[in-house]
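A.B. asks:
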Amino acid sequence: MHKTRKSILKRKNKCKVNSNSKLISKIAPLFNVESSLQLDLKFQDVNNCMKTLKIELNNHATSRGLLVPSWCNEDDSIYLNDGIVTNYNNSVNVIEIRPIIQINNGDILNMYSYRNKCEFTIGFSFPKGEKEPSKVAIGFVSNIENRELNVIGINKISRTENCSNNTSKCEYIPIISPCMISVVDCLYEIVTNASNNLGLEVYSRRNRKGIWRLLIIRTTEIPNKRMMVIIQTSYLSIRDYNTISKLLIEQLVFCELEEPFLYSDYQISSLYLQQSDSIVDTFEGGNLKLIWGDEQITYCISNTTLNIGPRTFFQTNTQGCQILYSTIKDLVILTFLGSSNRNKLIKERYTNKLYILDICCGVGSIGLYLYKSLETLRAFYPSINLIGIDCVEESISVAKMNAKINGAENTEYIVGKAEDILPNKLSSIRNEDADFLAIVDPPRCGLHKNVTKALRISSNICSLIYVSCNTKSLLSNCITLCSAYDPQSEDSKIKPFIPKLVIPIDIFPYTNHVETVVYLERDKESIGLDNEIKGKMTTINPLLQNR
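Numbering (my numbering), first residue to last: 21 to 567.
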């Protein structure tokens with residue numbers, strides 16, 4: 021039985037320990053909350069999202085005089101407490117929500133330090149109650165004081181000040197890898213020395229003067245323990261650029277030769293220097309240049325090898341990514357081979373072809389993982405084709421490279437907006453006897469409204485898997501995808517989607533965020549009901565009679 025959010029928060033407050041760490045409160049707000057309560061909070065967030073979706077769709081339909089989708093009339097969803105999905109295709113009017121999947125391999129340190137990517141601000145810290153900064157800090161922005169960013173530092177001096185009583189606990193910071201902390205400590209020494217001795221000062225957001233701005237670190241463990249480090253500065257003179265490049269190479273990279281375990285057995289394999297004069301702190305744009313090492317860093321997810329560039333997206337929890345992709349794979353197999361009738365239908369088909377549409381594909385990670393892992397489906401779909409779409413040219417370039425590395429044939433990657441490419445691409449293969457599966461894994465802001473509309477009107481797509489890290493944007497997108505069918509404005513072949521199965525995954529322990537996998541399929545119930553719907557529409561809403 022899942023608790024209400026109010027009762028969970030009440031228990032949460034009782035289990036806090038005596039910790040005054042501003043740093044932990046900023047980056048891991050649920051660190052002092054017992055694991056079961058964290059999971060309950062996140063499950064409740066997903067459950068509330070689905071309940072709100074039903075309410076919003078009901079209101080949307082009734083306010084327009086449309087027939088309310090029958091599945092929106094159900095009061096509750098079905099919870100599968102044993103974690104096993106059974107015959108969900110037979111349940112028309114419910115959303116089945118599986119228990120939240122916990123990411124835990126038994127290694128406490130890895131569980132605490134799960135992030136493979138962190139972005140840090142190079143700035144200043146403000147003493148409590150003071151209006152002016154006093155010290156350089158590398159870490160996370162707490163707030164803005166007097167038009168200057170107040171940074172909670174994770175460098176050694178700052179984290180000692182930010183932790184309560186026992187400072188030794190600060191050597192390990194929740195969700196951040198120890199090797200990243202070591203890089204921050206080394207960079208802090210470089211930055212302060214360059215500021216004091218060379219006049220290369222930390223960038224002031226208030227005065228828009230200075231040099232050092234941002235730091236980003238990526239880590240990987242398989243096949244080797246490697247790090248990619250990107251440092252952002254303001255635009256530099258040629259002389260200062262050469263000086264800083266030399267400092268970073270000698271004191272970040274080559275210092276490992278003198279102290280082999282400086283970065284907790286990791287090695288820096290890529291070092292980038294980026295120059296930017298952007299008013300806001302962002303790694304987008306700017307002049308990015310590799311000054312030492314390899315252009316990319318490599319991750320292995322099961323049998324799939326993925327090269328990741330400095331600006332391309334990848335899941336920030338590698339172990340969680342493995343579980344996420346495996347969950348999606350199992351869901352795809354269940355979707356297409358979930359019943360004996362389905363198997364019989366596929367076997368009787370003259371042409372057996374499956375198109376996987378990886379929308380917002382990034383470097384192609386989900387699509388390539390599925391392409392290599394769906395051996396069970398190949399008995400029924402001898403031809404599996406993968407189409408990836410992304411608006412970032414760099415991501416598509418890396419995706420093509422990853423396809424070659426993984427020996428993935430029948431793949432196509434296209435640069436552009438999904439809302440422009442999707443209709444044209446589907447139109448070109450509309451007459452093929454094939455099944456279509458679309459997968460979307462958008463950023464936290466969700467899919468652009470034009471992309472959701474394109475998915476909605478693409479009648480070829482009968483199965484859709486939506487991967488979300490933000491239940492608010494998930495709700496917004498699902499309202500567009502699932503809103504009531506309007507025969508006055510929509511083609512009779514275009515029916516709304518229904519969310520059939522929801523799987524929450526705790527990829528971000530100690531934070532309020534949760535990853536959610538939602539399987540949606542076309543509403544087969546409304547097919548053939550156009551006349552009935554039109555009749556009810558004009559009865560309910562006379563304003564529509566003159567349309």
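Glycine included, every Cβ here is placed at the ideal spot set by N, Cα and C.
1) Here's the rule: buried if 16 or more other CB atoms are within 10 angstroms of the residue's CB, otherwise exposed. What is R233?
2) Comparing C-alpha positions only, which one of L406, V471, T431, Y319 sits nearest to F333?
3) Who are the Cβ neighbours of S265 in its own chain at under 8 Å, not counting the five residues just before and after it?
4) Relative to the alpha-carbon of A438, which residue among L388, C381, A214 has its alpha-carbon at the smallest distance?
5) Relative to the alpha-carbon of T347, which residue among R228, E535, Q295, Y286 has its alpha-carbon at the smallest distance?
6) Check K10 in the structure and name its three-state DSSP category.
7) Please name the residue or residues paired with L406 in a DSSP beta bridge.
8) Measuring CA to CA, which of L218, V352, S284 is closest to L521?
9) In the DSSP assignment, the alpha helix (DSSP H) including C199 goes from what residue to what residue?
10) Within the same chain, show all residues whose beta-carbon is closer than 6 Å to that of D455, passing over the 5 residues directly before and after it, in chain order.
11) Considering only the alpha carbon of each residue, which of E116, T82, I196, L268 lies closest to F617?
12) Could you spell out where the beta strand (DSSP E) holding E535 opens and where it closes?
13) Is the region 153-171 touching the region 494-503, taking contact as three or more C-beta pairs under 8 Å?
14) Can P463 and V66 be called in contact, C-beta distance under 7 Å?
15) Between S403, I195, K420, which has its C-alpha nearest T338's C-alpha?
16) Looking at the unbroken alpha helix (DSSP H) that takes in P443, where does it start and where does it end?
17) Let's test the definition: count the other Cβ atoms within 10 Å of the Cβ of K309 and tell me whether it reaches 16, buried, or not, exposed.
18) Using beta-carbon positions only, say whether I477 and A458 come within less than 7 Å of one another.
19) Provide the residue span of the alpha helix (DSSP H) that contains E395, from first to last.
20) So is F528 buried or exposed if we call it buried at 16+ other beta carbons inside 10 Å?
21) Straight-line CA distance for Y286 to I441?
22) Please look up how many angstroms separate the CB atoms of V204 and F140, rounded, as I've assumed it's under 8 Å.
C.D. replies: On the basis of the coordinates in this document:
1) buried
2) Y319
3) L293, I311
4) C381
5) E535
6) Only positions 21 to 567 of the chain appear in this structure, which leaves residue 10 out of reach.
7) I376, T431
8) V352
9) 198-218
10) L374
11) No answer is possible for residue 617: the residues shown for the chain start at 21 and end at 567.
12) 535-542
13) no
14) no
15) I195
16) 438-448
17) exposed
18) no
19) 395-398
20) buried
21) 41 Å
22) 6 Å
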